[in-house]
Amino acid sequence: MRVPVTVAVTLVATLPLQRLQDPQGERTIVFIVEQHLNVPHTSFGYPFIRLVMATLDSSPIIIDGKGHLLGRLASIISKQILSGQKIVVVRCEEINISGSFFRNKVLSFESLRYHNFLHKRHIVNPKKSGPFHHRAPSKILFRAIRGMVPHKTARGAAALERLKLFEGVPPPYDRKKRMVVPEALRVLRLKPGRKYCTVKRLSHEVGWGYKDVVDRLEEKRKIKAQAFHERKLAAVKLRQKAIADNASSFEKLTALGY
């Protein structure tokens, strides 16, 4: 007999959420819940597990896609979103693909080369049945991640809902801290001297029409970011100068216990 969802809401409030704060897989969460509630895992279904995962810290991790390798980044992101972590990737157009641009665009002896992929179509109704040939960099990354996720199941569909992909750095992510994934960085994973290309150039060559728009918006954002950085450095220098000028006063206050 399964635990009703209404009962599950009250049970979630009693869970030791500190043990579940770290990004963990659903099987680990099932094990901890089973131990805490003393209920066999067959008594609660996937909606209950989704409820537990929604109760955890749901703040997204913002990843700057520049300089990452497409496949390596997609594999790490797919694992994280299946574990319940929300992911936002910005600057998808700056993601790299190993191999020369000609190899990734034109050569057709492998099924994943883009020109060969563009010729794949459903013979009956290609507009309805696909495959759909996405040109935007964010959609290319999305398709790579989707191929690593069981997206036709409820679990996989829920994982893809935790993913957001953008070209450029739109608000509000332009004012938030952005991370990198060392395991997927080209400078750390690709041998020096090896050829590579960017998704932006590949997308532009096969029909993506917003390269100039994204470049123009990125140039404006970088000017604002540079001005903010200079103001921040000036404020830090003023603070350090004030601390140095009042060092004797701080020593007296410290001696008095303040």
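The numbers in this note's numbering rise by one with no breaks, and the one at position 103 of the sequence shown is 103.
Idealized CB from N, CA, C, for every residue including glycine.
Note that this is a predicted model, so its numbers are computed, not measured.
- Judged by beta-carbon spacing, residue 95 lies within the 7 Å limit of residue 199, meaning their Cβ atoms are closer than that value.
- With three or more CB-CB distances shorter than 8 Å, the region 78-95 counts as touching the region 140-159.
- Cβ neighbours of residue 217 within its own chain (closer than 6 Å, five residues either side excluded): 168.
- In the structure shown, the three-state DSSP call for residue 190 is coil.
- As a beta-bridge residue in DSSP terms, residue 88 pairs with 62 and 164.
- In the pairwise beta carbon analysis, the region 199-211 is classified as not touching the region 175-185: fewer than three pairs are separated by under 8 Å.
- Each of 242, 240, 225 and 215 was checked against the Cα of residue 91, and the nearest Cα belongs to 215.
- The beta carbons of residue 78 and residue 195 sit no closer together than 7 Å.
- When the five nearest sequence neighbours on each side are left out, the beta carbons in the same chain lying within less than 6 Å of the beta carbon of residue 156 are those of 149 and 150, in order along the chain.
- Just so you know, the alpha carbons of residue 104 and residue 213 end up roughly 24 Å apart.
- Taking the Cα positions, residue 65 is about 40 Å away from residue 244.
- If you draw a 10 Å sphere on the C-beta of residue 193, you find fewer than 16 other C-beta atoms in it, and that means exposed.
- By the Cβ neighbour-count rule, residue 106 is exposed, with fewer than 16 other Cβ atoms within 10 Å of its own.
- Between the alpha carbons of residue 220 and residue 204 lies a gap of roughly 21 Å.
- Residue range 196-198 is occupied by the beta strand (DSSP E) that includes residue 198.
- Residue 172 holds the alpha-carbon nearest to the alpha-carbon of residue 89 among 134, 226 and 172.
- Of all alpha-carbon atoms in 187, 183, 182 and 159, the one lying nearest the alpha-carbon of residue 142 is that of 159.
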